[in-house]
Amino acid sequence: MTELKYTELRQMPEIKEKAAAWFSSKWGVPADAYLECMNDYLDGKTENGWYLCLDGDRIVCGMGVIDNDFHNRKDLTPNVCAVYTEEDYRCKGIAGKLLDMVVEDMRSKGVAPIYLVTDHTGFYERYGWEFFCEAQGDGEDHLTRLLIHR
7 MTELKYTELR
17 QMPEIKEKAA
27 AWFSSKWGVP
37 ADAYLECMND
47 YLDGKTENGW
57 YLCLDGDRIV
67 CGMGVIDNDF
77 HNRKDLTPNV
87 CAVYTEEDYR
97 CKGIAGKLLD
107 MVVEDMRSKG
117 VAPIYLVTDH
127 TGFYERYGWE
137 FFCEAQGDGE
147 DHLTRLLIHR
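First residue of the sequence shown? That's 7 in our numbering, and the numbers climb one at a time after it.
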C-alpha cells in the first residue's frame with residue numbers, strides 16, 4: 007500500500023469516467039447515472055460532490071453526495087450515497103476519514119445537516135452520525151435507518 011490520496015472529484019476531473027465505472031461496479035447503478043451527477047458537480051450545477059481515496063491509481067474507497075438516496079424522505083437532503091471500501095482496505099479508517107472530509111466540505115459550503123441511509127449499526131456513529139428516523143427505500147418493503155450529521 008502506497009501513501010493514500012484523499013481527493014474530491016474537482017481536484018481530479020480526469021478520472022470521472024473511471025470513478026463512474028467503479029461506483030457502477032459496486033452498486034449496480036448504470037455508470038451513466040453516476041457520470042451525470044459527476045458532470046453536474048464538475049460543471050458547477052450543484053455542490054453535491056464526489057469523494058475518493060486512491061492507492062496509486064486504484065480507487066479503494068469512494069462516496070458521493072446527492073439530493074436523495076432513493077428513499078421516501080425527500081425533505082431530508084442532501085444524502086451521502088454509494089459509500090464503498092474495497093475489502094482489502096477495510097478496517098483501516100479510510101471510509102471514516104473520507105466521511106469526515108465529506109462532512110467538512112459540505113459544511114464549508116454552508117450545507118448542514120446531511121443525511122445517510124444505511125442498514126449498518128455502529129459504523130457511522132463512530133464518525134459523528136446519529137440515528138434520525140426510519141425511511142422507506144424506493145421499491146423496498148422494509149424500513150431502513152436514516153442517519154444525520156449535524
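For glycine and all other residues, C-beta sits at the position ideal for the given N, C-alpha and C.
(Q) Taking the beta carbon of His148 as the centre, do at least 16 other beta carbons fall within 10 Å, making it buried, or is it exposed? (A) Exposed is the call here.
Q. Nearest to Met44 by CA position, among Ser31, Leu60 and Ala26, is which residue?
A. Among Ser31, Leu60 and Ala26, the Cα nearest to that of Met44 is on Ala26.
Q | Own chain, CB closer than 6 angstroms to Glu140, minus 5 neighbours either side, in chain order | A | Contacts found: Leu149.
Q. Relative to the C-alpha of Gly34, which residue among Ile21, Gly62, Asp81 and Ala88 is closest?
A. Relative to the Cα of Gly34, the nearest Cα in the group Ile21, Gly62, Asp81 and Ala88 belongs to Ala88.
Q: Taking Gly102 as part of the alpha helix (DSSP H), name the residues at either end of that continuous run.
A: Unbroken alpha helix (DSSP H) run through Gly102: Ile100 to Ser114.
Q.
For the structure I just gave you, are there three or more beta carbon pairs, one from the segment 113-128 and one from the segment 91-103, closer than 8 angstroms?
A. Two segments are said to touch when three or more pairs of C-beta atoms, one from each, lie closer than 8 angstroms; by this definition the segment 113-128 does not touch the segment 91-103.
Q. Three or more C-beta pairs closer than 8 angstroms, one from the segment 73-81 and one from the segment 105-118: is that the case here?
A. No, the segment 73-81 does not touch the segment 105-118.
Q: Output the distance between the C-alpha atoms of Met69 and Lys32, rounded to the nearest integer angstrom.
A: Going by the C-alpha atoms only, they are around 11 angstroms apart.
Q.
Using C-beta distances below 8 angstroms, list every residue in its chain close to Arg16, excluding the 5 sequence neighbours before and after it, in chain order.
A. Spatial neighbours of Arg16 in its own chain (CB-CB distance under 8 angstroms, excluding positions within 5 residues in sequence) are listed in chain order as Tyr47, Leu48 and Gly55.
Q: Would you kindly report the start and end of the unbroken beta strand (DSSP E) that includes Cys67?
A: Boundaries of the beta strand (DSSP E) around Cys67: Arg64 to Ile72.
Q. Considering only residues of the same chain and omitting the five flanking positions on each side of Asp144, which have a CB-CB separation below 8 angstroms?
A. Correct list, in chain order: Phe76, His77 and Asn78.
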